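**Student:** Residue numbers (mature numbering (1 follows the signal peptide of the UniProt record, and there is no 0)): -24 to -1, 1 to 409.
We put the CB at the ideal spot given by N, CA and C, even for glycine.
Since this is a predicted model, take the numbers as computed values, not measurements.
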């Protein structure tokens, strides 16, 4: 009887979710390798991870993977994603990427010529398929911020190379990544706009991504997008928000494995904001930012972090799904998320920094730029010896059936999570992947 109650409530939850995203364009990707491993290691997470796998978590095409690994990733996407869907791919291979932190600089791309070869592998394989590209996380921020290293690293010209190559596909949508703090103030937003106009002249750029691997709320990000559009003097370009961890907003200046975070609204093009084209999960929920708040190495699966993200996030708080390890069969379905979203974005940029933004440049957003989590491909890129065979991840309005989580599993061999203050707090954020 208890199992039947759980099944019914699960189905009702999924139907509610489906109805809330009817009309959204489908995004498609492959399941992160970290999830495949985590479901085997922690069976008690199977229901939660299985739920997330029904949504497109952007796949990373990076020069830190081998040519063969990249080919395997693209092959799986093309073979498993329906033609009607839009592939979601993060492109991360610009020469001297992560020029400020230096943690992600290495890779096969060393100059413009090798970058063109890297991009050609992608564009030749994708062809004219519908695709959404998140282009070079952190690059625009490192290029435009005061004393940023991106200018001397050649980011401007190489971003133009990327935009020109990726725009050859008439069905591609290009969004360049911008750190949210660069759009919080009029002067920095103006610098971003100048660069975007220059870069955009090389091809077709639809807009920018905001909040990659960070925690800022959708309302806050919509304001930053309005600041960007005001700086551009046009609404022709719009924005994407990474909602993978932003359900509760960001009450602190910490950026690393914040313990108050929750999984945000699922990927969709039905955002409820006129200037936000998509909500996306660019950072895979549950992958660690690094050794802070008890976290594992950056990019690895972080059990305790995932548990908090799930328990404090959208699926539990709004759909009434059980928390990790919860044994109760009573699940209350709350209202669907679309009802609380504004019908349009703010009509003008604030004359002063938004109330939720710091009164001075965020100390956690370094003057050297990075977004708040590994913005390169997750460390666990599927090895060629163990290819991912998981079914494709498609954002689709059809109901999803799943079973209740096991009741008696313990967190395996994971050590107790210590809530010692994060060593990352109030320091410049340097990429650690």
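Just grab the DSSP bridge partners of residue 53 for me.
**Tutor:** The partner list for residue 53 (beta bridge, DSSP) is empty, contrary to what the question assumes.
**Student:** Under a three-way DSSP split, which group does residue 297 fall into?
**Tutor:** coil
**Student:** Rounded to whole angstroms, how far is the Cβ of residue 216 from the Cβ of residue 256, which I believe are closer than 8 Å?
**Tutor:** 6 Å
**Student:** At which residue ranges does the stretch 1 to 57 contain complete beta strand (DSSP E) runs of 3 or more residues, listed in the order of the chain?
**Tutor:** 3 to 5, 35 to 38
**Student:** Taking the alpha carbon of residue 37 as the point to measure from, which residue in 51, 59, 24, 28 has its own alpha carbon closest?
**Tutor:** 51
**Student:** Measuring straight from C-alpha to C-alpha, what distance separates residue 145 and residue 269?
**Tutor:** Annotation: residue 145 to residue 269 spans about 43 Å, alpha carbon to alpha carbon.
**Student:** Inspect the beta-carbon positions of residue 213 and residue 184 and report whether they are closer than 8 Å.
**Tutor:** When the beta-carbon positions are compared, residue 213 and residue 184 come within less than 8 Å of each other.
**Student:** Going by DSSP, what residues sit across from residue 255 in a beta bridge?
**Tutor:** 217, 244
**Student:** Do three or more CB pairs link the stretch 80 to 93 to the stretch 236 to 248 at distances below 8 Å?
**Tutor:** no
**Student:** Can you tell me whether residue 248 is buried or exposed? The criterion is at least 16 other CB atoms within 10 Å of its CB, across all chains shown.
**Tutor:** Buried, since its Cβ has 16 or more Cβ neighbours within 10 Å.
**Student:** Would you call the CB atoms of residue 233 and residue 176 closer than 8 Å?
**Tutor:** Against a cut-off of 8 Å, the Cβ pair of residue 176 and residue 233 comes out as no contact.
**Student:** Three or more beta-carbon pairs under 8 Å between the stretch 70 to 79 and the stretch 53 to 62, yes or no?
**Tutor:** no
**Student:** CB residue 24 to CB residue 5, shorter than 8 Å?
**Tutor:** no
**Student:** Mind checking whether residue 290 and residue 223 have CB atoms under 8 Å apart?
**Tutor:** yes
**Student:** Considering only the beta carbon of each residue, do residue 220 and residue 186 sit closer than 8 Å?
**Tutor:** The Cβ atoms of residue 220 and residue 186 lie no closer than 8 Å to each other.
**Student:** Which residue comes first and which comes last in the beta strand (DSSP E) that contains residue 148?
**Tutor:** Segment 148 to 153, the beta strand (DSSP E) holding residue 148.
**Student:** Taking the alpha helix (DSSP H) that residue 420 belongs to, which residues open and close that run?
**Tutor:** In the structure displayed, the chain extends from -24 to 409; residue 420 sits before or after that span and is not available.
**Student:** Residue 62 lies in the beta strand (DSSP E); which residues open and close that run?
**Tutor:** Going by DSSP, residue 62 is part of the beta strand (DSSP E) stretching over 62 to 68.
**Student:** For residue 468, name the three-state secondary structure that DSSP assigns.
**Tutor:** It is not possible to answer for residue 468, since the shown part of the chain is limited to -24 through 409.
**Student:** Please determine, among 278, 231, 267, 195, the residue with the shortest C-alpha to C-alpha distance to residue 429.
**Tutor:** Nothing can be reported for residue 429, as the shown portion of the chain is limited to -24 through 409.
**Student:** Can you tell me which of 128, 172, 121 puts its alpha carbon nearest to the alpha carbon of residue 208?
**Tutor:** 172
**Student:** Counting along the chain, where does the beta strand (DSSP E) carrying residue 108 start and finish?
**Tutor:** 107 to 111
**Student:** For residue 12, count the other beta carbons within 10 Å of its own beta carbon; 16 or more makes it buried, fewer makes it exposed. Which is it?
**Tutor:** buried
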